[in-house]
Structures are given as C-alpha cells and as structure tokens.
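Reviewing the structure listed below.
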Amino acid sequence: MIDKTRANVAEAVQEVFDGATLMIGGFGEAGSPIELIHALIDHGASDLTVISNNCGSGEVGLAALLKAGRVSKMICSFPRTANSTVFPDLYRSGRTTLELVPQGTLAERIRAGGAGIAAFYTPTAAGTPLAEGKETRRFHDREYLLEYGLTADFTLIKAKLADTRGNLIYNKTARNFAPIMAMAGKLTIVQAAEIVAPGKIDPETIITPEIFVDRVTHVPNPAHESELVAAGATYP
Amino acid sequence: MIDKTRANVAEAVQEVFDGATLMIGGFGEAGSPIELIHALIDHGASDLTVISNNCGSGEVGLAALLKAGRVSKMICSFPRTANSTVFPDLYRSGRTTLELVPQGTLAERIRAGGAGIAAFYTPTAAGTPLAEGKETRRFHDREYLLEYGLTADFTLIKAKLADTRGNLIYNKTARNFAPIMAMAGKLTIVQAAEIVAPGKIDPETIITPEIFVDRVTHVPNPAHESELVAAGATYP
Amino acid sequence: MTAAEKHIGWSREEMAARVAQDIPDGSYVNLGIGIPELVARFVPEGRELIYHTENGLLNMGPSPKPGEGDPELINAGKRQVTAKPGASYFHQSDSFAMIRGGHLDLCVLGALQVSQAGDLANWSLGGPDDIPAVGGAMDLVAGVKSIFVITQHCTKDGAPKLVESCTYPLTGVRVVNRVYTDLAVIAVTPGGFQLVDLAPGVDFETVQERTGARLLPIRETTSNA
Amino acid sequence: MTAAEKHIGWSREEMAARVAQDIPDGSYVNLGIGIPELVARFVPEGRELIYHTENGLLNMGPSPKPGEGDPELINAGKRQVTAKPGASYFHQSDSFAMIRGGHLDLCVLGALQVSQAGDLANWSLGGPDDIPAVGGAMDLVAGVKSIFVITQHCTKDGAPKLVESCTYPLTGVRVVNRVYTDLAVIAVTPGGFQLVDLAPGVDFETVQERTGARLLPIRETTSNA
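Here you go:
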C-alpha cells in the first residue's frame, strides 16, 4: 500500500537542500504551515528562494525563517504586514531580494507551472510599473502581459485532513494557495491535523488528489500565528 | 433572496438565440445534460456552434441536436463514437464543420476563457498535423503552441445537486467539463437532479460556486443516454 | 483647509451609503480593505449583495461574534469573518479566475489618485525606501466589470486626488468607472470627469476647485454607472 | 504470414504481462483503451499501480459487478469502472494538469507506427474521408514522463509498425520510450531502436526482418526504460 506518511515534521522536510526554491502555502496566517517551517529552520537549509503570498508576521513561521537569514529571495504579492519588521529590514539592507507579483498573477503562474503551461497572457498589471521589462501583446484591442509558469523544488502546505496516500482537504480560507502549490512543487510536503486511512474521505470532496502529494506528517494541533505573535513568541 | 431556479427546462433555455455559441458538458453520456438539449431542440435555436468533447450517440441528446440540423460547427476532441452515424454524415456532407482540439487543450482553452487568460502556450500537439497554422514558440528547448481562450454565449450542464443560488455538486466522472464550462459561459444553465436551500450544501464541498451559474432547473430523474440508445429512442 | 471646511460634504459613512445606493440587487461584489468595507453596512433594505473576498470565499458574512471566529476564516484584510448560507471556499487560482474572468460585477476600492481617463493609483507611493506590496489590487481593476472608488476628495494636505494624470505608480489604466468622495459622485466618461451628484451644501464650483482636472457639470441623464 | 508464423512470440496477454513487469511499484499510470487496459490484470503480486483516467478519476478500479455500475462512473473508453479506496474525482482542466504537468509516471498506448526517433502515430489513418478524433492522446504523449507502446510488431498485412519515420499523422514527436510487441521489447534510444528483450523462440534476425528501421542488439545493461 502506498503510504506517504512521515514520523514527524523533521523527517518530512529532511530532503530540502541549500539553494532550493520553495512554495509555502498560506494567506496571512490562514494555511501557513508553521510547524513545517520551524522544522525547516531546525534543518538548516539556506539560500532559499521562497514563493509565498506574504512574508509572515512577528518572529515565528515564515518571518522566523526570514529572520534566520535562510531566504535570499522572496516572490510574493504582499510582503508588508502590520506586525512584521523582519522582511522590511532584510529588504532595505539588501539581504533578501523581492520579486513582486500581483496576487492573481502569482496564483496563475503557480497553476501554470503545475499544469505544464509554459506561459500565458494576462491583462493584470498591463500599463503599470509591474509591467516593466515584460513582453506585451494585444488581444481583442486590449493589452496583455506574458507571464511564465512557476515551479518549485519543494512545496510546504497545511491541510485539515489527509489520508495516508496524500489526498487532502483544507479548512475554510486556509485552502488559498495550497492546492495549486501542491501541483507546482516537485516534492510536496504536507502537515495535516488529522490523517485517516484511504477511503475514509468521500472522493467527491477531495480538494488535492494524492498524485500531487509526496510526504504527509501529523501535526494534530497546529499553532495559530496570530496567537504566537500576540504572545510575543519567537523561533527558534 | 437570490433565486436562479426556473420552472422547467423550456424556461431555462429560452434565451438561447440563433447563431449562439454553446458549451455542452459531458464526456460520453456522463454529465450530458440530455433534458436541456432536448428542450433546446424544442426551442428551435439554429446555426449553433457547439463546444463539447464528443458528438453524442444514437439519436438522442447531442446527436439529436446535430441530427435536427441545428449545429453548423462542432469544436470537440473526439467526434467518433460506437453508436453514432449522425455526425459522420453531417461532416462528410459538409453541413457541419469540425474544429478538432486535443482534449486537454480543449479543457485548458475553456478554463482560460473563463479565467480571463487570453492565450497560453502548451506542448500538446506540437509537431503534429493539429499544430498546422498555429504559432509556436520554444521555452526551455521545447516547442509549445499558442492556444486561445474559449468562451460561449451559453453553457448547458448537468449537476447532481444544486442550491437555489446555483452552487453545484456533480456525480462522479460526470463532473468532467462542467465546472470549467460554467466558468466560460456568459449564461450558464444547469439541470440538477436535486435542488436545496442555500446553506444545505457544505461550503467546503461545493465544486462550482454560484457566481458561475445563472439558471437552475430541476430534472429529478435524468435519462441515461446509453439506455435511450439501447432502447432505440429518438428525439423529438 | 479650515476646521469649518472639514464639515462640508459627506462623512465616511455617508459616502459608503451613497455607494451602496448605486449597487444593483444581486451584484457580486468585492470590497477593498478600509472605507470600502463600510459599504456593506449601508445596503438598502430588500437588496442583496454577494461578497467575494479574493483569498477564497464567496458569500462572505460580517465579523464573527467574540469567541466564535476561526483564524482560518478571514478576509483579504486578514480579519476574521463569517460565511453566510450559500457560501463556498475555493483556491487562489479559482478565486482570481472569478476576478480576471469578469465574473464579479463590482469592486469598491480606495485611491491615492484617479485620473480623468480612469487610471487608478492606489498601491504605492513610489518612495525609494517603501516596501512595495500590491496584493490583488491590479487583478481586481483589470478583471472586475465596474470599479468604484471611494476616497476623500483631497489629501490631508488639500491636494486633489482627482487629477489629469496620476503621478503615483498606476494600479491600472482606464479602469475606474465612478468616484465617490466626501463632496460628490463623479463618473469617468470619455470626456473626462463628469459630475453625477453633489453632497448637500456643496456646489459645482467647490468641487471643481478641489479637482485637479476639468469637471463636466451634471447631465440630466448619465449612463456611465 | 503463414499460420505457423502467427504462433511465434507473445500473446496479447503475455505482452501486457511483459509491460506490467517493467512498471515500478507506486507508479501513477494511464492505460490507453484496448490492449493497454490488459496491463492492469498482470501487475506482479506486492506491487501497486495507481490508475488515472483522463475523464476525471484517480485510483480507478476494475469494471463493476453486473448491476452495480453507474453510467456516470466511466473510464476514457466510456466503459463503466469502479473507484478504489483513496479515489478522487476532478474536472477536465485538473485532470489534464496532471497529464501535461508531468505528474503521471507512465502511459501505455497502442500505435499505428513508432519511428526510430520515438515519434508516435496512433490517432488517425489520415484518410480524406475519415472522421478525425484525437481525444487525450496528444496530451498524454506530451505530458506523461514515460510512454510505453504496446502493439503487434507488424500490421495484419505484415507491414512493419516500427519504422524509420512515420507516414501516418503524428500524435507526438520524440515521445515513445519503449515498445512492447508480440516479438520483442524495444527501447527508443538516441541511437535508434535498441532490442531489450526477445519473446521465447524469437531471434534478433527475425525481429530485424520485421522492423522497418535498423535494430541495435541487446546490450548488457540498458538504461532507457
């Protein structure tokens, strides 16, 4: 029987290598795989390129990974948050570079990468500073930008429920980037609050089919970033 | 309260006009909205362009619409079936033209149309006769074809369960093209075997959100094409 | 501006109510963070709007009661919300397919500047030390059928926000349909800014004076909503 | 061919079993309609393959028992199938994202012709009166990591199906990795067709004779699976 479970978060992330490109799920704290990110900090991989919608808050989760100096480049749509000084400091000092991508274009580039689409034409950002240096083309009298698919060596995401084969269901708006990042990661690593046997999830309700998932580890009570930040927590 | 229900299939399809482009769901009989198609035959709209994966079988459903001479052009991936002579006759006599599109490219073109993507580059069909006349471009040393998004004036699909606002769930492999066609149709018309009040469907399990749906009508016991064909049924 | 001048025109709540008046029943709507969110409070009786939040929820409801929220049920402003009956969750690529594919009827956004051609600047001051952050704003203005801007007519320093051409970095080109300010409702037309409605006690001249481009007077019938 | 010649080599079932031998445990597999479907019957004990059908099901199971099928639970050949534990349903765009995005490990397909460069022709005879129909074949060969072809070595008329270059319309260019015929297993290598295995009682010369391109003899180790 296919079994993609790993004993703990440390084993789940052990293959991540220096210089890797990672996609990390989450929109703000919703869907952020904090425990996997903390395991990655312990693991020690550095010089990472991270594709994630935001840059975390406080000094836990993604912000902690940034603070630890492991991220040389961020690809995201909204690096500012109310409770974060980590990324601004790194950015202003030039230690982390930023590729700013509109949120919908980021989502579509990730989906394209996972779906074998090399590039596509989108109207988003045409005529704005984010179009600078990009190829444009007119369709039906409107300007579109050529945008390229994105893939990653690893994807780190959080699920509400998984089976041992990697079929996944998410919690409410925590779904956000996870299903498309699972498609675009060469090795997709999942922390799931609950893991069940195959067949226990109604096949009509599975959001991410197992084919997109490689490692599943059990994190029964995932931390909420906002609570950690409110408590002044830091990692490590 | 938003209520997109219509009293019957006739009312549901009444806006279809001559010369319209229609997307019709289904892969073979699975997901084919036979009752809506029959209502469309009764309605009388002609000179239609139909985007559907197949061309129906026997002389019911899509094959009956073709037989009635209402379709001037088919866009599909697989117009041949074991039990159909309708399309071959129309095609050979030149009464219906055919745009043959690989199944995955057809799906992606429909999704692109619904998602506001003007065009995309796919490796499918590069170097084959179906690439003739198409723009090509190399990415990472591989040849890709430029393919364009597809939209339609109307989409006709079949659901297992709907709420009165148009949130939809499908039955097994009958899902096939319906969710993406719902996105790409300007007016999406649904026949549902069951219709419930909003809130009765778990929001995590909805496959097509209401925003993509315009009309819902109740067809409690939809016919199975294979059974109709086996019984030698014709329509009208 | 003097203290007296500050009292002319609509309050933030009145501006939001004025926007709400113009949104047809049954519209699929995305409300930007901040003042635009107020619009939901002023939807006229008997009208139903369906709220989309780009992080992946349709039929978004108001904030939860204390203690009843879920940190993973949030809006694009990362605040906790609720889901109404008929709600659905979806991933980012599907959410922006709704936006980019023209499935949303209306988006209400704030602005730094709006040009008379309908260009919008609302995501960056363009300062060299700013951390650039765009989120979904460029997708929304590119994809949603109608774009309403809700904003103070002038900056805190009294500079006009409605201008001939934007000096701040653009969010989108020729995207704004209407601007709702504390002083007036103004449509963006092929001829430029067209006055549609005035706040009580405000006249055309006052609005023109505080607008950085030519303002066309109210027409009997405007069709640019 | 004489009646005696027909008996040389592997039967259809033996060909399918030979293919099954070469598919690693845990592979995500799409089996084409017809002979390729037979492969599922011969997977060695202790090995699990996960079947994808492009019309929208992963973890497809065998045909249902009589009376237990659902006309809306079908495979790409439009025949009723079942769903195994761990199955999932998805729409066409997601299904072909799996295919095109390189998420499937292996596809087994039939062929009209395979060229020594790995070009495949299997969707059309190219006749002027034929109804062209391609389905998902071009997507599969473009996207799936390994493409195995299972086919009789020659046509009913004795013409070779393994050729220098295809004369029938192509399904894909340089896509085939291996060909399993009634006579032999042949890898497509940068040097051309390379013999990997022979059916019992068949020798190199017999296979070469019935192959329309140069055949390289078996190497001690082949690495082109």
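Just so you know, the protein sequences line up as chains A, B, C and D, in that order. The opening position of the first sequence corresponds to residue -17 in our numbering, with each subsequent residue numbered one higher. The opening position of the second sequence corresponds to residue -17 in our numbering, with each subsequent residue numbered one higher. The opening position of the third sequence corresponds to residue 3 in our numbering, with each subsequent residue numbered one higher. The opening position of the fourth sequence corresponds to residue 3 in our numbering, with each subsequent residue numbered one higher. Built from N, CA and C at the ideal position, the CB exists for glycine as well.
Under the three-state DSSP convention, the category residue i falls into
i: residue 216 of chain C; result: coil
i: residue 210 of chain D; result: helix
i: residue 60 of chain B; result: coil
i: residue 44 of chain C; result: helix
i: residue 120 of chain D; result: coil
i: residue 109 of chain B; result: coil
i: residue 43 of chain B; result: helix
i: residue 95 of chain C; result: helix
i: residue 49 of chain C; result: coil
i: residue 37 of chain C; result: helix
i: residue 62 of chain C; result: strand
i: residue 141 of chain D; result: helix
i: residue 157 of chain B; result: coil
i: residue 151 of chain A; result: strand
i: residue 108 of chain D; result: strand
i: residue -6 of chain B; result: helix
i: residue 55 of chain A; result: strand
i: residue 152 of chain D; result: strand
i: residue 48 of chain B; result: helix
i: residue 162 of chain B; result: helix
i: residue 193 of chain A; result: helix
Residue range of the unbroken alpha helix (DSSP H) whose run includes residue i
i: residue 73 of chain A; result: 68 to 74
i: residue 78 of chain B; result: Looking at the DSSP string, residue 78 of chain B is not in any alpha helix (DSSP H), and its letter there is neither H nor E.
i: residue 16 of chain B; result: 16 to 25
i: residue 88 of chain C; result: Careful: residue 88 of chain C lies outside any alpha helix (DSSP H), inside the beta strand (DSSP E) at 84 to 91.
i: residue 86 of chain B; result: 85 to 97
i: residue 208 of chain A; result: 207 to 212
i: residue 14 of chain D; result: 14 to 23
Proximal residues of chain C, C-beta to C-beta of residue i below 9 Å
i: residue 86 of chain A; result: 56, 94, 95, 97, 98, 99, 101, 102, 138, 140, 141, 142, 144 and 145
Close beta carbons around residue i, own chain, < 6 Å, minus the five adjacent residues each side
i: residue 190 of chain A; result: 150, 161 and 164
i: residue 141 of chain A; result: 150, 152, 172 and 174
i: residue 176 of chain C; result: 119 and 120
i: residue 114 of chain C; result: 123, 124 and 170
i: residue 133 of chain B; result: 95 and 166
Own chain residues within Cβ distance below 8 Å of residue i, not counting five before or after
i: residue 141 of chain C; result: 56, 98, 101 and 102
i: residue 154 of chain B; result: 12
Sequence-distant residues of its chain with Cβ nearer than 7 Å to residue i (five each side left out)
i: residue 79 of chain C; result: 35
i: residue 210 of chain C; result: 217
i: residue 107 of chain A; result: 84, 87, 113 and 127
i: residue 42 of chain A; result: 16, 207, 210, 211, 215, 216 and 217
Interface residues of chain A facing residue i [CB-CB closer than 7 Å]
i: residue 100 of chain B; result: 103, 121 and 126
i: residue 3 of chain B; result: In chain order: nothing, as chain A lies at least about 15 Å away.
i: residue 76 of chain C; result: 10, 12 and 155
Element boundaries [beta strand (DSSP E), containing residue i]
i: residue 129 of chain B; result: 124 to 130
i: residue 200 of chain D; result: 194 to 200
i: residue -17 of chain A; result: Segment: none, residue -17 of chain A is in no beta strand (DSSP E) and carries neither H nor E.
i: residue 121 of chain B; result: 118 to 121
Opposing strand residues paired with residue i [DSSP bridges]
i: residue 145 of chain B; result: B:178
i: residue 55 of chain C; result: C:59
i: residue 131 of chain C; result: According to DSSP, residue 131 of chain C bridges with nothing at all.
i: residue 164 of chain D; result: D:116
i: residue 170 of chain B; result: B:137
i: residue 102 of chain A; result: A:129 and B:102
Under 8 Å by beta carbon: chain A residues contacting residue i
i: residue 172 of chain C; result: 109, 110 and 111
i: residue 64 of chain C; result: What residue 64 of chain C touches in chain A: nothing, since even the nearest Cβ is about 15 Å away.
Proximal chain A residues relative to residue i, where beta-carbon distance stays under 9 Å
i: residue 175 of chain C; result: 108, 109, 110 and 125
Within chain D, the residues that residue i reaches when beta carbons sit closer than 7 Å
i: residue 90 of chain B; result: 95 and 98
Closer than 8 Å at the beta carbon, the chain D residues around residue i
i: residue 20 of chain B; result: None at all; the shortest Cβ gap to chain D is about 17 Å.
8 Å Cβ cut-off: residues of chain B touching residue i
i: residue 60 of chain C; result: 191, 192 and 193
Residue i: contacting residues in chain C (beta-carbon distance under 7 Å)
i: residue 73 of chain A; result: 133
Residue i: contacting residues in chain B (beta-carbon distance under 9 Å)
i: residue 186 of chain A; result: 142, 151, 152, 153, 154, 157, 187 and 189
9 Å Cβ cut-off: residues of chain D touching residue i
i: residue 16 of chain B; result: Per Cβ cutoff of 9 Å: no residues; residue 16 of chain B is ~11 Å from chain D at best.
Chain-ordered chain B contacts of residue i [CB-CB under 7 Å]
i: residue 30 of chain C; result: 193
i: residue 228 of chain D; result: The structure shown does not extend to residue 228 of chain D, since chain D is modelled only from 3 to 227, so the question has no answer here.
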